[in-house]
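Notes follow once the structure below has been shown.
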Amino acid sequence: MPSEVKILVTGGGGFLGSHLSDALLDRGDEVFVLEPGGTTKVRHLIGHPRFRVVRDSVLSLDILDSLIAQVDLVFHHAAVVGVEHYVGDPYEVLNVNVNGTQNVLKAAFKYGRKVVLASTSEVYGRNPKIPWREDDDRVLGSTRIDRWCYSTSKATAEHLCFAYRKMGLPVTIVRYFNIYGPRLDKLDAGRIITIFMGQLLRGEPLTVIGDGLQTRCFTWVGDAIRATIQAGVAPGTEGGIFNIGTDVETSILELAKLMIEIGGGNSTIRFVDQREVYGESYEDIPRRVPDATRMREILGITAETPLREGLARTIESFRDEVAPRGVARAAGA
Ligand code: UDP
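Count the sequence shown with the numbering used here and you get residues 40 to 372, in order.
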């Protein structure tokens, strides 16, 4: 692949897609973003001579066809993500994540373009064998538990990738482990860091579900993006699956304490029952840890940014969004 590439990022207006677009433009690539939602996360890129946003969805096969015809490589990030969607709107999760991926692969196959699929550590479900290697089993609960629809949708997307690979399409799969950083979901929505962030910035108690001893490996977005680009352009990645994450485990209780310590303010911790937050269609995952060997040895990347440092930058960026410097913050907000 040439060092400067024409690239389509589906879902490029989202958290990971927007950071990926930044990094690709920095490399000198030309970036097309397909994004049906808001473009707030890429507003700083609008007007860049090598950047273009198309406001449409991966469910539009015609648009995908015309975009993929023009590019060398596709990063497929468009997906419905966030536990509130898994339990609130499982149809949309399955429709976008499965049918959207099929559309991307169909068009990519027509033009012979490589696809990097943004997948997830959720595919391992709650496999108790820690850490997880890429070929480890998926251990999931009942289909009555809506939470598992996301894991299933992404596993189906992976199967579709391998089915197309059998027909000759170059594909690579990256599985993200709790990536965080500026421009993560909206305050109070999406993933745990933005839920805690909203509570922290208002000085409210942070709601820790259960005893808070469940763990995640929180991975700085910059590290994840470096690995993602390597999955797209480095030789020897085709047909591979790569865990993308740090193997440093942090409990949700430790995360809450750390955010309060770094963020300052008056927040305390409130332990809540999971049914209070997500109802009956939810089941938690006790531990989630990647084996990062392939990421390190084949992609040449280690997720080395310490959580304390990444959280400080993330809290600062959300403070700036809520109250830009020099306005409310000067008054002590
Ligand atoms: N969680 C919590 N308080 C909340 C929301 C979530 O303690 O208000 C916990 C949740 O039970 C899980 C962890 O935070 O153990 C991470 O949740 P997230 O929604 O980020 O997604 P997950 O990592 O489970 O996919």
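Quick reminder that beta carbons are idealized off the backbone N, C-alpha and C, glycines included.
No experiment lies behind these values; they were computed from the predicted model shown.
K205 and T191 have their C-alpha atoms spaced approximately 21 Å apart. Residue range V210 to Y215 is occupied by the beta strand (DSSP E) that includes Y215.
For D262, same chain residues with a beta-carbon under 6 Å away, outside a window of 5 residues either side, are A342 and T344 in chain order. In the three-state scheme derived from DSSP, where H, G and I count as helix and E and B as strand, H115 is classed as strand. Bridge pairing for T49: L73 and H115 [DSSP]. The closest heavy atom of ligand 1 lies 7 Å or more from the beta carbon of G284. Contact check between the segment 206–220 and the segment 270–287: three or more CB pairs, one atom from each, fall below 8 Å, which counts as touching. N136 is classed as buried because its beta carbon has at least 16 other beta carbons within 10 Å across all chains shown. Along the length of the segment 162–216, whole alpha helix (DSSP H) runs at least 4 residues long occupy 187–205, reported in chain order. Remark: C-beta atoms of V120 and Y317 do not approach each other more closely than 8 Å.
A buried status is given to H124, since no fewer than 16 other beta-carbon atoms sit within 10 Å of its beta-carbon. With contacts defined as CB atoms closer than 8 Å, C256 and V328 qualify as a contacting pair. Of the heavy atoms belonging to ligand 1, none sits nearer than 7 Å to the Cβ of N136. Around the beta carbon of T211, a 10 Å sphere encloses 16 or more other beta carbons of the protein chains shown; the residue is thus reported as buried. Collapsing the DSSP output to three states places N305 in coil. Between the beta-carbon of H116 and that of G76 there is about 12 Å, and that puts the pair past the 8 Å contact cut. Secondary structure at Y321: coil, using DSSP grouped into helix, strand and coil.
Boundaries for N282: no alpha helix (DSSP H) harbours it, while the beta strand (DSSP E) harbouring it runs I280 to I283, taken from the DSSP string. Using a 10 angstroms sphere on the CB of G251, the tally of other CB atoms reaches 16 or more, which defines it as buried.
Counting along the chain, the unbroken beta strand (DSSP E) around F90 starts and ends at F90 to V93. Sequence-distant partners of L199 (beyond 5 residues in either direction) whose C-beta falls short of 8 Å from its own C-beta, in its chain, are V137, T140, Q141 and L144.
Per DSSP, I248 is not a residue of any alpha helix (DSSP H); the beta strand (DSSP E) it occupies stretches across L245 to I248. For a cut-off of 8 Å, the C-beta gap from G275 to I354 is around 38 Å, too long to register as a contact.
Measuring C-alpha to C-alpha distances from A157 to each of A331, I340, V113 and R347 identifies V113 as the nearest.
Note that the C-beta distance between V260 and Y219 is below 8 Å.
Distance check between E173 and each of T159, L179 and L294 places T159 closest, using alpha-carbon atoms only.
Taking 7 Å as the cut-off, one finds at least one heavy atom of ligand 1 near enough to the beta carbon of R230.
Under the 10 Å beta carbon count, Q109 is surrounded by fewer than 16 other beta carbons and is classified as exposed. Nearest neighbour of L55 by Cα position, chosen from I248, E288, D128 and I264, turns out to be I264. Cα atoms of A331 and G304: separation of roughly 35 Å, rounded to the nearest angstrom. Distances from the CB of T341 to the heavy atoms of ligand 1 are all 7 Å or more. Not one heavy atom of ligand 1 sits closer than 7 Å to the Cβ of V132.
Boundaries of the beta strand (DSSP E) harbouring V155: K153 to T159, taken from the DSSP string. Exclusion of the five residues before and after V132 leaves V119, H124, Y125, C188, Y189 and S192 as the residues of its chain whose Cβ lies within less than 7 Å of its Cβ.
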